[in-house]
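Visitor:
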Amino acid sequence: MSENTPLPALPPVLSTSLAGRAALVTGGSGGIGAATCAALAAAGAAVVVHYSAHRAEAERLADHIQAAGGTAVALGADLTEPVGASRLIEATLAHFSRLDILVNNAGQYTDGPAVAAMSDDQWERSLAINLTAAFRCARACLPFMKASGWGRIINVTSQAAYTGSANHAHYAAAKAGLAGFTYSLAKEVAAYGITVNLVAPGRILTDMVRPHLEQRLEEWMRQTPLRRLGQPEEVAAPIAFLASEAASYITGATLHVNGGLLMA
Ligand SMILES: NC(=O)c1ccc[n+]([C@@H]2O[C@H](COP(=O)([O-])OP(=O)(O)OC[C@H]3O[C@@H](n4cnc5c(N)ncnc54)[C@H](OP(=O)(O)O)[C@@H]3O)[C@@H](O)[C@H]2O)c1
2 MSENTPLPAL PPVLSTSLAG RAALVTGGSG GIGAATCAAL AAAGAAVVVH
52 YSAHRAEAER LADHIQAAGG TAVALGADLT EPVGASRLIE ATLAHFSRLD
102 ILVNNAGQYT DGPAVAAMSD DQWERSLAIN LTAAFRCARA CLPFMKASGW
152 GRIINVTSQA AYTGSANHAH YAAAKAGLAG FTYSLAKEVA AYGITVNLVA
202 PGRILTDMVR PHLEQRLEEW MRQTPLRRLG QPEEVAAPIA FLASEAASYI
252 TGATLHVNGG LLMA
């Protein structure tokens with residue numbers, strides 16, 4: 002830095018605050034989704050805590066955010082239904098009159114058989130929630146984000162998309178599909194001030210992995226250089242960063258949050 006170079010502003014010009022923004026977190030009733038709602042609300046965003054089956058959990062979290070001085074509402078939708086996404090976006094706009102941040106986090110991880118024995122139905126159900134739902138939510142948000150000239154779309158994929166996972170081809174393929182979707186959309190909407198990124202968690206301690214702990218915890222710990230599972234908050238914090246102004250030059254990127262399980 003030469004003597005004449007202006008010094009960086011203090012506080013920094015690019016803030017991590019989300020004050021004045023409205024966010025929708027799909028799967029807000031689940032582990033990573035709930036932590037993400039809390040992180041976005043703590044940064045100042047008004048948050049839609051989306052749920053499908055677990056309404057009570059979503060309402061409890063929305064009440065908790067409100068009680069802490071934030072703004073939140075719980076809204077339900079089955080995102081495997083063709084109209085689920087568009088109705089959810091309509092309801093979000095009806096509540097907050099804006100939508101700046103979409104976190105496509107809802108997902109399902111089911112044990113399948115090997116590909117040779119997998120039914121069309123198992124395959125299609127995984128694609129419906131893990132890939133198509135994200136496409137439909139993003140498509141429904143775009144007119145509003147484009148009109149405002151600012152937007153953040155963060156798609157939650159999985160390390161399985163990059164490593165593969167035997168007996169989970171339906172899940173890994175859907176999550177890998179999110180990558181091509183993210184990169185393509187990032188190119189389409191960059192000119193509108195909208196960034197689109199991927200967050201790829203490794204093994205995170207939520208209800209999704211709890212049923213597998215007894216059998217697989219030791220193997221997972223061995224594979225993970227940090228020698229532990231991640232906490233939902235450790236995925237939520239990078240999501241909140243990507244949603245902020247501080248990440249304004251990041252689009253079409255993948256942020257791996259996996260304790261070193263996969264270094265890419
Ligand atoms: N935990 C991990 O180790 C891990 C690793 C890699 C990637 N991920 C990804 O991270 C995301 C969050 O996972 P999590 O671990 O927090 O799992 P989780 O606690 O099981 O939460 C899953 C969320 O998805 C929602 N959901 C499921 N089916 C839905 C449907 N048909 N329509 C709408 N919403 C639906 C659930 O809503 P209801 O419960 O209200 O039905 C729930 O809020 C998922 O996309 C997952 O694939 C997780």
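Okay, so the sequence shown: first residue is 2 according to the working numbering, each after it adds one.
Idealized CB from N, CA, C, for every residue including glycine.
1. How many Å lie between Thr196 and Gly261 at the Cα?
2. Would you kindly work out how many angstroms separate the C-alpha atoms of Glu246 and Ala192, rounded to a whole number?
3. Can you round the beta-carbon distance between Val200 and Leu132 to whole angstroms, since I take them to be within the 8 Å contact cut?
4. Candidates Leu263, Ala244, Leu128: which alpha carbon is nearest Ser18's?
5. Are Leu62 and Ala35 touching if we call contact CB-CB under 8 Å?
6. Who are Ile130's beta bridge partners in DSSP?
7. In angstroms, rounded to a whole number, what distance separates the CA positions of Gly231 and Glu219?
8. Rounded to whole angstroms, what's the CA-CA distance from Ala42 to Pro239? Just pull it up for me.
9. Residues bridged to Arg204 by DSSP?
10. Tell me the residue span of the alpha helix (DSSP H) that contains Val49.
11. Only counting the same chain, and skipping five residues up and downstream in sequence, which positions put a Cβ closer than 6 Å to that of Gly45?
12. Nearest by alpha-carbon distance to Gly113: which of Gly150, Phe145, Ala167, Ser185 is it?
13. DSSP three-state label for Thr6, please.
14. Report the residue from Ala161, Gly178, Ala177 whose alpha carbon sits nearest the alpha carbon of Trp221.
15. Which whole-angstrom value is the C-beta distance of Ala107 and Ala134, which I expect to be below 8 Å?
16. Could you spell out where the alpha helix (DSSP H) holding Val190 opens and where it closes?
17. Quick check: what's the CA-CA separation for Phe182 versus Glu60?
18. Is the beta carbon of His171 less than 8 Å from the beta carbon of Gln123?
Guide: The relevant details are as follows:
1. 25 Å
2. 16 Å
3. No, Val200 and Leu132 are not in contact; Cβ-Cβ is about 15 Å, not under 8 Å.
4. Ala244
5. yes
6. Beta-bridge pairing links Ile130 to no other residue.
7. 14 Å
8. 14 Å
9. For Arg204, which the question treats as bridged, DSSP gives no partner whatsoever.
10. No alpha helix (DSSP H) holds Val49; the beta strand (DSSP E) holding it covers 47-52.
11. Ser18, Leu19, Ala20
12. Ala167
13. coil
14. Ala161
15. 6 Å
16. 170-190
17. 31 Å
18. yes
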